[in-house]
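Notes for the one structure printed next.
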Ligand code: ACM
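In C-alpha cells, the structure reads:
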C-alpha cells in the first residue's frame with residue numbers, strides 16, 4: 013500500500029514538458045543531500061564543458077547544492093567500477109557518450125544513488141539537464157533560489173527521449189514594436205526550458221528597421237524611428253510620439269552567443285523586397301520605385317505598397333551588402349529573406365521593372381521578386397564554405413516560377429500552410445510549418461473580455477494550438493522535407509513586452525510539445541494537467557502568461 017502511495021505521489025509530481033518520447037516512473041528518489049559527484053567525459057566536438065559548468069552553476073545558485081565535478085580523462089564508457097563505487101559511497105551523476113544516439117537525443121536514468129545520462133552531443137546532455145531540472149521544484153528552472161526546500165530530490169525515472177522535429181521555432185516581430193535584448197534573452201530562456209531550438213528574429217518591417225548595417229547607416233538613423241508608438245488602424249490613430257530602437261552589432265553578437273549557450277540558433281529575417289518601407293524611407297534614392305515622392309517609416313498597420321525597386325542594380329547591391337553583414341553576425345546556416353505580402357503595383361508602373369520583366373521572359377510580376385532572390389542566392393554561392401547560408405522564404409514565393417531558385421531553399425508555410433508545405437515538398441524544397449491559424453500566437457487566445465487587444469476573435473485557444481497536427485496525412489515520401497514547426501508572434505497591436513508574454517504563454521509551450529513529442533503520445537488533457545505547475549515557473553521567472561487555463 014505504502015509503495016503504491018509513493019508511486020502515485022511521484023506520478024503527480026512528475027510533469028515534463030515537452031512530454032518525453034518514452035518514460036517509466038520508478039520507485040524511490042535521488043537525493044542531493046550529501047556529496048554528489050558529477051562525472052563527465054571529453055567529447056569530440058567540445059561543448060560539453062560549458063553544458064556541465066552551466067548546470068553546476070545553476071544548481072548551486074538555485075538549490076545551494078555544490079556538485080563536485082570529476083572530468084574523466086579519455087571519455088571512455090564508464091565501467092561498473094564507477095557505478096558500484098557510487099552505489100556504496102557518494103551519489104553520482106554520470107554522463108557518458110553513446111555515439112549511436114541521434115543529435116539532441118538523450119537517455120536519463122534516475123536511481124536512488126546514481127543518475128546516468130547518455131547522449132552523443134552537447135545538445136543531448138543539455139536536454140537531459142533540462143529534463144532533470146523539470147523533475148525538481150520550478151525555482152530550479154526559473155534560476156532563482158528557494159530557501160524553503162530542505163532536501164533537493166529527484167524522483168526515479170527512466171527516460172529515452174529525442175525530438176520529433178529538428179526545427180522547433182519561435183518568431184518574434186520586432187519591426188512593428190521593439191522590446192530590446194533583455195526581453196529576447198528572457199524568451200530564449202523559456203524556449204530552452206521547453207527544448208525549442210530556433211529563434212527567428214523578424215528584424216525589419218515597413219514600420220521599423222531594427223538591425224545596424226554599417227554600410228547603410230541611415231537604415232537605423234532614419235529607418236529605426238517613427239512618429240508613433242501605436243500603429244494606426246481604423247479608429248486607432250498614430251499618436252505622434254517619437255518611437256523606435258535597434259540592435260547594434262555588439263547587441264546582436266551578445267544575443268547570438270546567449271542563445272547558442274542554450275542550444276538555440278538564431279535565424280535573422282530581413283524581409284525584402286516587400287515589408288520594406290522603413291528601408292525605402294532610409295534610401296529612397298535607390299530603393300524606391302518612385303524616388304521623386306516622399307517616403308516615411310510607416311505609421312500604420314497593414315501591408316505597404318512601398319516596396320523595393322528590384323530593377324535598380326543599386327537595390328540588388330544593397331541586398332547583397334546586407335546579406336554580407338548578416339552572414340558575419342549570425343553563424344547559423346540559414347537566413348530568412350521574407351518574401352510574404354509583396355504588392356507588385358509599383359513595379360507594374362515602373363519602366364525599369366517593366367523592361368526587366370520582359371528581359372527575364374515573364375509576364376508575372378511575382379517573377380521579378382524571384383529574379384531578385386536568384387541574384388542574392390548566386391551572391392551567397394560565391395562565398396567560402398563557412399559563409400554559405402541557405403535561404404528561407406515565406407510561402408508566397410511559390411506563387412512565382414521558382415525554377416531559377418532551385419530546390420535548395422526552405423519554405424516557411426503560413427497561409428494555407430498545410431497545402432503550401434506539400435507544394436514546397438513536391439518541388440523538392442524543405443518546409444517548416446507555421447500555420448497562421450492556429451500558430452500565430454499573437455492572436456487572442458480566448459473570448460474573455462480581459463484579453464488584450466490583438467488580432468482574431470479568440471478562437472486560437474491553447475487547446476486549438478495544441479491540437480494542430482503537424483504533417484498529418486502527408487505522404488511518407490514527402491515527410492523528410494518537413495523540418496518542423498514554428499510559432500509566430502506579430503506585434504502590430506502589442507506595444508509592451510508583458511502583453512507579448514501574456515499572449516505567448518502558454519501557447520508557445522503547446523507548440524514546443526508539437527515539435528518534440530511523438531504524434532501518438534500527444535494528448536491535450538494530459539498536457540493541460542502537466543501545464544498546471546508551470547504557472548509557478550512563469551511567476552518565478554517574471555514572465556506574464558494567459559491565466560485562464562490554469563486552475
Ligand atoms: C506573414 O504572416 N505575413 C508571414
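Residue numbers (our numbering): 13 to 563.
Using N, Cα and C, we set each Cβ at its ideal position, and we do this for glycine too.
Bear in mind that the values here come from a model prediction, so they are computed numbers and not experimental data.
Check                                                                                                             : Outcome
Residues bridged to residue 443 (per DSSP)                                                                        : 423, 494
Unbroken beta strand (DSSP E) run spanning residue 542, endpoints                                                 : Careful: residue 542 lies outside any beta strand (DSSP E), inside the alpha helix (DSSP H) at 536-543.
Closer than 7 Å: residue 352 CB and nearest the ligand ACM heavy atom                                             : yes
8 Å CB neighbourhood of residue 253 in its chain, flanking five on each side removed                              : 239, 240, 241
Environment of residue 219 [buried if 16+ CB atoms lie within 10 Å]                                               : buried
DSSP-derived helix/strand/coil call for residue 362                                                               : coil
Alpha-carbon to alpha-carbon, residue 405 and residue 349                                                         : 6 Å
Residue environment, residue 500, which counts as buried when at least 16 other CB atoms sit within 10 Å          : buried
Separation of residue 470 from residue 322, as counted between CA atoms                                           : 39 Å
Cβ-heavy atom distance, residue 406 to the ligand ACM, below 7 Å                                                  : yes
Endpoints, the alpha helix (DSSP H) within which residue 294 is located                                           : 289-294
Distance cut-off 7 Å: residue 36 Cβ against heavy atoms of the ligand ACM                                         : no
At least 3 beta-carbon pairs within less than 8 Å: the stretch 27-35 vs the stretch 533-549                       : yes
C-alpha gap between residue 217 and residue 291, whole angstroms                                                  : 8 Å
Residue 179: CB within 7 Å of a non-hydrogen atom of the ligand ACM                                               : no
For residue 553, the three-state DSSP class (helix, strand or coil)                                               : helix
Span separating the alpha-carbon of residue 294 from that of residue 516                                          : 32 Å
Short Cβ contact (8 Å threshold) for residue 102 with residue 46                                                  : yes
Beta-carbon proximity of residue 286 to residue 319, cut-off 8 Å                                                  : yes
Alpha-carbon spacing of residue 66 relative to residue 459, whole angstroms                                       : 41 Å
Inter-residue spacing [alpha-carbon to alpha-carbon] between residue 402 and residue 476                          : 32 Å
Buried or exposed (CB count within 10 angstroms, at least 16 for buried), residue 137                             : buried
Residue 142, buried or exposed, once every other Cβ within 10 Å from all chains shown has been counted against 16 : buried
Rounded distance between the beta-carbons of residue 169 and residue 215, thought under 8 Å                       : About 41 Å separates the two Cβ atoms, so there is no contact after all.
Residue 269 in three-state terms, based on DSSP                                                                   : helix
Cβ neighbour criterion (16 or more within 10 Å) applied to residue 117                                            : buried
Contacting residues, own chain, Cβ-Cβ under 7 Å from residue 552 (five flanking each side not counted)            : 150, 151, 154, 156
The stretch 416-429 touching the stretch 373-391, judged by at least three CB pairs closer than 8 Å               : yes
Boundaries (first-last residue) of the beta strand (DSSP E) holding residue 39                                    : 34-43
Start-to-end residues for the alpha helix (DSSP H) that takes in residue 141                                      : 134-146
Check: residue 289 C-beta below 7 Å from any heavy atom of the ligand ACM                                         : no
Beta-bridge partners of residue 221, as assigned by DSSP                                                          : 216
beta-carbon residue 467 near the ligand ACM non-hydrogen atom, thresh 7 Å                                         : no
Opening and closing residue of the alpha helix (DSSP H) in which residue 433 lies                                 : 429-438
DSSP three-state assignment for residue 479, whether helix, strand or coil                                        : helix
Beta-carbon proximity list for residue 563, same chain, < 8 Å, skipping 5 on both sides                           : 544
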